[in-house]
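Comments concern the structure below.
See below:
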């Protein structure tokens, strides 16, 4: 129920010959009240209203017999028209507009409203035809998208328990019972947009039928309805003929359903094992529509993680880093589509990738609109280092003496180190006694394991040995891990204990000269012999 601009309204008014409009006015000779049958056929409103163009009843329960009333505000607002002519016999039509939202509609029925003066509460309506336009009817560029001016689409009619009256006849007049006229069984799909509906009604009485305008207490201008007096060729603004020539709108109700489609997407990944930097991964996306209706403007977006590089796809999808966009378009109910996306691994770390599906159609189940494929990825490397120390006494170590080696290891990251294996090779002059870490000895080789070592974490093991032979004691320790280690230089450490070092004195210049003279003198003595 949009409002015309003043310029547009004036243009329509000038082109219409408004004075010649066939309409029923308050000044018409009054008719007597009508005796209605005991059980009138009642109008059954829809339970699935998509759009209501405006109210018709503005005074509930104030009419004869407790009926509702649609009261023309003839005194308070100076309005004059009870109903606009839209009768088949005269070729008159009325029109008004409506807007379909982005979701679109499936229209099952449209309810129109009319009356014939002097009718009982049993409906005298016999026909309704209508057209739906993509613009104002009769205007250049406007097209009929559904309907015609001849097909009778009336499927039900009945009294809406309301009377059309004026402010001076409220509660005393019942000769204009308002009928609801249903055009049902339409199954009409409308996409988003602004449409116009024009219609006309036929009845079995001589009066009208008349189309009552939208009625709102205290409101004179109720819409931007149109009226045609030449069979729907040209239209002019539907203006009340009262004090201010106020523009009027027409009540109608559109019922049906909002199209829905349960779209979903799943995602799987095919990758080699183990996964390495440079490995290829193929993601398979499967988009499907469980219905009940077709899905429009379907699109799947896949934002790739930082540690993969896009290579190609099989569905013509567009790629703008880091997102792959697959525009499917229309996906029929029970339909599906598949797309493969190929990437390569460019860095360490887990690879979690999620695709999302969208549609312009209402989706009743958004919970399945995302699909994720997760891979462990290439593990982050771990820089594991090892150190070896002991509490052995200085100098020569007597046979039978026991002392401890301490092996310390740390992980400088950036990843967790897994499956660490420590190997301590002892001198043949020592024998293994015990350890603090459950180490196992085989000959002079001692080994133990650590399942994992976190970033920044350390581990330590103390190994007790006994000296079984005199001499220097050399020990060496190494550590390995199943995790990639970028720095192997610090994976080995050596230690020598158990020897006595004799210090060589440092001689100054005079001492060196004296030593040279002594050696020279000794040589002379030897020669003179």
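Residue numbers (this note's numbering): -13 to 515. Just so it is clear, CB atoms sit at the ideal spot from N, CA and C, and this is done for glycine as well.
Check: Around the Cβ of residue 469, are there at least 16 other Cβ atoms within 10 angstroms (buried) or fewer (exposed)?
Finding: buried
Checklist line | Extent of the continuous beta strand (DSSP E) run through residue 202 | finding: Careful: residue 202 lies outside any beta strand (DSSP E) and carries neither H nor E.
Check: Across which residues does DSSP place residue 213 in a beta bridge pair?
Finding: 80, 222
Margin query: Here's the rule: buried if 16 or more other CB atoms are within 10 angstroms of the residue's CB, otherwise exposed. What is residue 262?
Written below: exposed
Notebook entry, point to check: Is there contact here, the segment 74 to 89 with the segment 176 to 192, by at least three beta-carbon pairs under 8 angstroms?
Noted result: yes
Check: Helix, strand or coil for residue 371 per DSSP?
Finding: strand
Next item on the list: Answer yes or no: do residue 368 and residue 321 have a C-beta to C-beta separation smaller than 8 angstroms?
Entry: no
Note to self: Using only the alpha-carbon positions, how far apart do residue 264 and residue 365 sit?
What the structure shows: 13 angstroms
Notebook entry, point to check: According to DSSP, which residues form a beta bridge with residue 162?
Noted result: Beta-bridge pairing links residue 162 to no other residue.
Checklist line | Separation of residue 282 from residue 40, as counted between CA atoms | finding: 31 angstroms
Check: Is it true that the CB of residue 410 sits closer than 8 angstroms to the CB of residue 432?
Finding: yes
Check: To the nearest angstrom, how far is it from the Cα of residue 210 to the Cα of residue 200?
Finding: 11 angstroms
Check: Okay, do the segment 226 to 235 and the segment 282 to 297 touch, 3+ Cβ pairs below 8 angstroms being the bar?
Finding: no
Check: Does the distance from the C-beta atom of residue 278 to that of residue 90 stay below 8 angstroms?
Finding: no
Note to self: Measuring only the C-alpha atoms, how far is residue 107 from residue 218?
What the structure shows: 30 angstroms
Check: For residue 352, is the classification buried or exposed, using 16 other Cβ atoms within 10 angstroms of its Cβ as the cut-off for buried?
Finding: exposed
Check: When the distance is taken between beta carbons, is residue 32 closer than 8 angstroms to residue 241?
Finding: yes
Checklist line | Opening and closing residue of the beta strand (DSSP E) in which residue 39 lies | finding: Note, residue 39: premise wrong, no beta strand (DSSP E); not H, not E.
Check: Which first and last residues belong to the beta strand (DSSP E) in which residue 253 is found?
Finding: 247 to 256
Next item on the list: Would you identify the three-state DSSP class for residue 277, choosing helix, strand or coil?
Entry: strand
Checklist line | Exposure of residue 35, with buried meaning 16 or more beta-carbon neighbours within 10 Å | finding: exposed
Checklist line | Validate contact between the segment 121 to 130 and the segment 190 to 209 using beta carbons, cut 8 angstroms, 3 pairs | finding: no
Margin query: As a quick exercise: from 61, 178, 144, pick the residue whose alpha carbon is nearest that of residue 169.
Written below: 144
Next item on the list: Kindly indicate the opening and closing residues of the beta strand (DSSP E) around residue 101.
Entry: Premise fails: residue 101 is in no beta strand (DSSP E) and is neither H nor E.
Note to self: I'd like the ranges of any beta strand (DSSP E) spanning at least 3 consecutive residues and lying wholly in the segment 340 to 408.
What the structure shows: 356 to 364, 368 to 376, 388 to 400
Item checked: Option nearest residue 56 by Cα separation, candidates 99, 28, 85, 95 -> 99
Checklist line | Buried/exposed call for residue 396, threshold 16 Cβ in 10 Å | finding: buried
Check: What's the C-alpha gap between residue 307 and residue 363?
Finding: 20 angstroms
Note to self: Buried or exposed for residue 86, going by 16 or more other Cβ atoms inside 10 Å?
What the structure shows: buried
Notebook entry, point to check: Since residue 325 sits in a beta bridge, which residues does DSSP pair it with?
Noted result: 271
Check: Do you know whose CA, among 69, 73, 176, 115, lies nearest residue 164's CA?
Finding: 69
Check: Hey, would you say residue 339 sits closer than 8 angstroms to residue 269, going by beta carbons?
Finding: yes
Check: In chain order, what residues of the same chain lie with their CB nearer than 7 angstroms to the CB of residue 191, ignoring the 5 residues before and after it?
Finding: 102, 104, 105, 110
Checklist line | Beta-carbon proximity list for residue 527, same chain, < 8 angstroms, skipping 5 on both sides | finding: Only positions -13 to 515 of the chain appear in the structure, and residue 527 is not among them; the question remains open.
Item checked: Alpha-carbon to alpha-carbon, residue 257 and residue 356 -> 21 angstroms
Item checked: Through-space distance from residue 146 to residue 128, alpha-carbon basis -> 33 angstroms
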